[in-house]
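Undergrad: The structure follows.
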């Protein structure tokens, strides 16, 4: 695994170039350009606000700006996770001729797809910070947790992405299964709601490795408190294992790609 | 050991012919069938075939080895294994140094990006660093010859421009081992010639080259030694002209059958006897013998030369040369000898022969490859023919003077 990671490092420029290509092509093709990056997050935030408004109506309490901020803070990374998984799933097919014709570490494709999504995420995150300022959320020392939590999210996406991209190459229906999980995943992930709302059953929702990370982001950005460390460690462990497992599996299957695609 | 650039030892590669399970929907029922009913997962319709069988060869540092063979002989599979895109089923191989494969020149291009952006994209895909590309940018653009369109998205390029830019990038990678697979099938004649020249100059700098092509002329120009593959096996590794003759000999020829008259012999010789290697400008003799199985009238003997692309470069016949038509009774034979001056340039050429009846436009026994010759040329000429050029005048012309007064 070390030798393979070293080889990947040698090809890092290729990773950047392919990510740059993906970004450039995506922004060139769409008339909306920059809006592309914020469209999906905006839609998710808006649906979250509608859901939150419904809660507030039922509970006969006014909708607080902190609730909107919390939904927004969790929606933007969720949008990143969804698009990362979606793009990695098709990344090997999208580069068919390169997979079949030229040798280099093929994991650059799913990784570049995630890198390109990360660019969209950063744009959306910028828009999010403006929203947070408008909502008077303020800041605290706990904001230092944000890059750490984001790093764990990226690691998780890479691990799952490697696994899915390799699997989708051998089994054509994986992409439909992934699509279903992405569509309904939002109901099992605390994006529109907080796990606290579930009281004692919260721990079952926290088993979803994304949940502690999104909750953590919301906690330290909106509520100015440190995230739940033990659950974050759980997510970190999950992500590291997913990355290592995904990477090893990917490299194991890689020599068969050209024949199976 | 250290002077070996590439070595394959007993490489085998197996492919499956039949359906494989490529969706979970098919695989899961099949697996449960195996578990619950004891069925075999590998169903019997999964036939296997060996794309490569016991391939062993080595290439020394700085050597250029050609690989020829008919479609499906395993050439591309061998190259894919060498370039590590596929893993062999069995066997070992060694590759010393940075390997670059020119398998499809423009595989990495993205149609929406400009030529310039694609240079960086494809260059990094081929293993160059951005700095390396930056330093060679001018050379790459100049070699491709499409300076004015370098900022145009490549989707607006013609296929020739596409290929030129792709080859130009690949040709500047400076690998230690270069694999070239059929890149010459694209582009016009001039571009093909430039590709060959570029590959030759790469060889001169000490790069090891593996060259795969159906264009025998190109192989003879680039590689002194060639390997012939047939049905996944190495049939011959030898000097290129020897292997090429073997390759051409393997072509199916017309059968004698029950033709009224057939070509019983057609060969080309020099003074000493049958020969296949000539120098440009040599005199050669073509002997043709025909045998009649029935009574046939008004025949003439036709001979011609084609190049590797089947293009006829020369043709003549006894009738065209002023001989009276020949009539033969059953069992009779007829023999004629043509004297030819071989004014071809460097390359391989194929002698064709036929018995033809002009008044009925009827061909009795057509052979496209009765013999193959290799014409060498020490003179600096390229192309199909040798016009034996000399420069008889050469001077610098002052601005005021004119070569041709109007």
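Chains as they are written, first to last, in my numbering: chain A, -10 to 250; chain B, 284 to 689. Every residue, glycine too, gets a C-beta built ideally from N, C-alpha and C.
Can you name the residues that DSSP bridges to residue 617(B)?
TA: Walking along the second chain from the start, residue 617(B) turns up at place 334. DSSP, once it has assigned bridges, lists 573(B) as partnering residue 617(B).
Undergrad: Which complete alpha helix (DSSP H) runs does the region 35 to 115 of chain A hold, if anything under 4 residues is left out?
TA: Listed in chain order, the complete alpha helix (DSSP H) runs (minimum 4 residues) inside the region 35 to 115 of chain A are 54 to 83 and 85 to 90.
Undergrad: Which of helix, strand or coil does DSSP assign to residue 214(A)?
TA: In the first chain, counting from the first residue as 1, residue 214(A) sits at position 225. DSSP places residue 214(A) in coil when its eight states are reduced to three.
Undergrad: Report the start-end ranges of each beta strand (DSSP E) in the region 487 to 523 of chain B that is 3 residues or longer and not cut off at the edges.
TA: Here the runs fully enclosed are 491 to 495, 508 to 513 and 516 to 522.
Undergrad: Below 7 Å on C-beta distance, what does residue 435(B) contact in chain A?
TA: As a position in the second chain, residue 435(B) is number 152, starting the count at 1. For residue 435(B), no chain A residue has a C-beta closer than 7 Å to its own C-beta; the minimum C-beta separation is roughly 13 Å.
Undergrad: Would you say residue 395(B) lies against chain A (beta-carbon separation less than 9 Å)?
TA: Indexing the second chain from 1 puts residue 395(B) at position 112. Yes, its Cβ sits closer than 9 Å to a Cβ of chain A.
Undergrad: Please report how far the alpha carbon of residue -3(A) lies from the alpha carbon of residue 235(A), in whole angstroms.
TA: Counting from 1 along the first chain, the entry for residue -3(A) is found at position 8. Counting from 1 along the first chain, the entry for residue 235(A) is found at position 246. Spanning the alpha carbons of residue -3(A) and residue 235(A) requires a straight line of approximately 15 Å.
Undergrad: Within 9 Å of any Cβ in chain B, is that where the Cβ of residue 160(A) sits?
TA: Translated into the one-based positions of the first chain, residue 160(A) becomes position 171. Output row for residue 160(A): interface = yes.
Undergrad: So what does DSSP say about residue 580(B), is it helix, strand or coil?
TA: Here residue 580(B) refers to the residue found at position 297 when the second chain is read from its first residue. Residue 580(B): strand per DSSP, three-state reduction.
Undergrad: Give me, in chain order, the residues of the same chain whose beta-carbon lies closer than 8 Å to that of residue 522(B); leave out the 5 immediate sequence neighbours on both sides.
TA: By 1-based counting over the second chain, the position of residue 522(B) is 239. Only 507, 508 and 509 meet the Cβ criterion.
Undergrad: Taking only beta-carbon atoms, is residue 77(A) less than 9 Å away from chain B?
TA: In the first chain, the residue the question calls residue 77(A) occupies position 88. No, no contact with chain B.
Undergrad: Show which residues of chain A have a CB atom less than 9 Å away from the CB atom of residue 368(B).
TA: Counting from one through the second chain, the residue named residue 368(B) turns up at place 85. In chain order: 88, 89, 90, 91, 92, 244, 246 and 247.
Undergrad: Tell me the rounded alpha-carbon separation between residue 199(A) and residue 224(A).
TA: Against the first chain, residue 199(A) aligns to sequence position 210. Against the first chain, residue 224(A) aligns to sequence position 235. Rounded to whole angstroms, residue 199(A) to residue 224(A) spans 7 Å at the Cα level.
Undergrad: For residue 567(B), tell me which candidate among 553(B), 287(B), 578(B) and 577(B) has the shortest Cα-Cα distance.
TA: Your numbering for residue 567(B) matches position 284 in the second chain. The shortest C-alpha separation from residue 567(B) is found at 553(B).
Undergrad: Mind checking if residue 17(A) is an interface residue toward chain B, Cβ cutoff 9 Å exclusive?
TA: As a position in the first chain, residue 17(A) is number 28, starting the count at 1. By the rule that beta-carbons nearer than 9 Å mark a contact, residue 17(A) touches chain B.
Undergrad: Where does residue 594(B) fall in DSSP's three states?
TA: Your numbering for residue 594(B) matches position 311 in the second chain. Three-state result, residue 594(B): coil.
Undergrad: Taking 8 Å as the threshold, find out whether the region 25 to 35 of chain A comes into contact with the region 154 to 172 of chain A through three or more Cβ pairs.
TA: no
Undergrad: What are the boundary residues of the alpha helix (DSSP H) that residue 399(B) is part of?
TA: Taking the second chain and counting its residues from 1, the one referred to as residue 399(B) is at position 116. Taken as a continuous stretch (DSSP letters only), the alpha helix (DSSP H) holding residue 399(B) covers 398 to 408.
Undergrad: For residue 74(A), would you say it is in contact with chain B, using Cβ-to-Cβ distances shorter than 9 Å as the test?
TA: Residue mapping note: residue 74(A) aligns to position 85 of the first chain, counting from 1. Chain B contact via Cβ: absent.
Undergrad: Nearest-angstrom Cα distance between residue 78(A) and residue 153(A)?
TA: Taking the first chain and counting its residues from 1, one reaches residue 78(A) at position 89. Taking the first chain and counting its residues from 1, one reaches residue 153(A) at position 164. Going by the C-alpha atoms only, they are around 6 Å apart.
Undergrad: Flag residue 34(A) as yes if its beta-carbon sits less than 9 Å from any beta-carbon of chain B, otherwise no.
TA: Here residue 34(A) refers to the residue found at position 45 of the first chain. Taking Cβ atoms only, chain B never reaches closer than 9 Å to residue 34(A), which makes this a no.
Undergrad: Can you name the start and end residues of the alpha helix (DSSP H) that residue 358(B) belongs to?
TA: Counted from its first residue, the second chain places residue 358(B) at position 75. Residue 358(B) -> alpha helix (DSSP H) spans 358 to 365.
Undergrad: Tell me, please, whether the CB atom of residue -10(A) is closer than 9 Å to any CB atom in chain B?
TA: Within the first chain, the letter at position 1 stands for residue -10(A). By this cut-off, residue -10(A) is not an interface position.
Undergrad: Step through the CB atoms of chain B and report whether any lies within less than 9 Å of the CB of residue 50(A).
TA: Counting from one through the first chain, the residue named residue 50(A) turns up at place 61. No, no contact with chain B.
Undergrad: Could you give the residue range of the alpha helix (DSSP H) that holds residue 421(B)?
TA: Numbered from 1 along the second chain, position 138 holds the residue referred to as residue 421(B). Its alpha helix (DSSP H) spans residues 413 to 427.
Undergrad: Just the Cα atoms here: how many angstroms apart are residue 411(B) and residue 400(B)?
TA: Position 128 of the second chain, counting from 1, holds the residue named residue 411(B). Position 117 of the second chain, counting from 1, holds the residue named residue 400(B). Cα-Cα distance, rounded: 14 Å.
Undergrad: Listing by chain order, which chain B residues have their CB less than 7 Å from the CB of residue 3(A)?
TA: Residue 3(A) sits at position 14 when you count from the first residue of the first chain. By Cβ distance, chain B contributes 407 and 408.
Undergrad: Rounded to whole angstroms, what's the CA-CA distance from residue 144(A) to residue 210(A)? Just pull it up for me.
TA: Working through the first chain from its first residue, we reach residue 144(A) at position 155. Working through the first chain from its first residue, we reach residue 210(A) at position 221. Rounded to the nearest angstrom, the two C-alpha atoms are 21 Å apart.
Undergrad: Along the chain, where does the beta strand (DSSP E) containing residue 385(B) start, and where does it finish?
TA: For the purposes of this step, residue 385(B) is taken as residue 102 along the second chain, with counting starting at 1. Going by DSSP, residue 385(B) is part of the beta strand (DSSP E) stretching over 382 to 385.
Undergrad: So with CB distances below 8 Å, who are the chain A contacts of residue 403(B)?
TA: Indexing the second chain from 1 puts residue 403(B) at position 120. Ordered by position in chain A, the residues that pass the 8 Å Cβ test against residue 403(B) are 6.
Undergrad: For residue 463(B), collect the residues of the same chain with a Cβ closer than 6 Å to its Cβ; drop the 5 residues on either side in sequence, then sort them by chain order.
TA: For this step, residue 463(B) is matched to residue 180 along the second chain. Excluding residues within five positions, the ones whose Cβ falls inside 6 Å are 385 and 494.
Undergrad: Establish whether the CB of residue 465(B) and some CB of chain A are separated by less than 9 Å.
TA: The sequence position of residue 465(B) within the second chain is 182, counting from 1. No, no contact with chain A.
Undergrad: Going by Cα to Cα distance, which pick from 71(A), 14(A), 108(A) and 7(A) is closest to residue 33(A)?
TA: Taking the first chain and counting its residues from 1, one reaches residue 33(A) at position 44. Of 71(A), 14(A), 108(A) and 7(A), the residue nearest in Cα terms is 71(A).
Undergrad: For chain A, is any of its Cβ atoms less than 9 Å away from the one on residue 412(B)?
TA: Numbered from its first residue, the second chain carries residue 412(B) at position 129. Interface residue, yes.
Undergrad: Helix, strand or coil, according to DSSP, for residue 641(B) in the structure here?
TA: In the second chain, the residue the question calls residue 641(B) occupies position 358. In the structure shown, residue 641(B) adopts coil according to DSSP, grouped into three states.
Undergrad: Please go through the same chain and pick out, in chain order, the residues whose beta-carbon is closer than 8 Å to the beta-carbon of residue 677(B), but skip the five residues on each side of it.
TA: Taking the first residue of the second chain as 1, we reach residue 677(B) at position 394. Excluding sequence neighbours, residue 677(B) sits near nothing in its chain.
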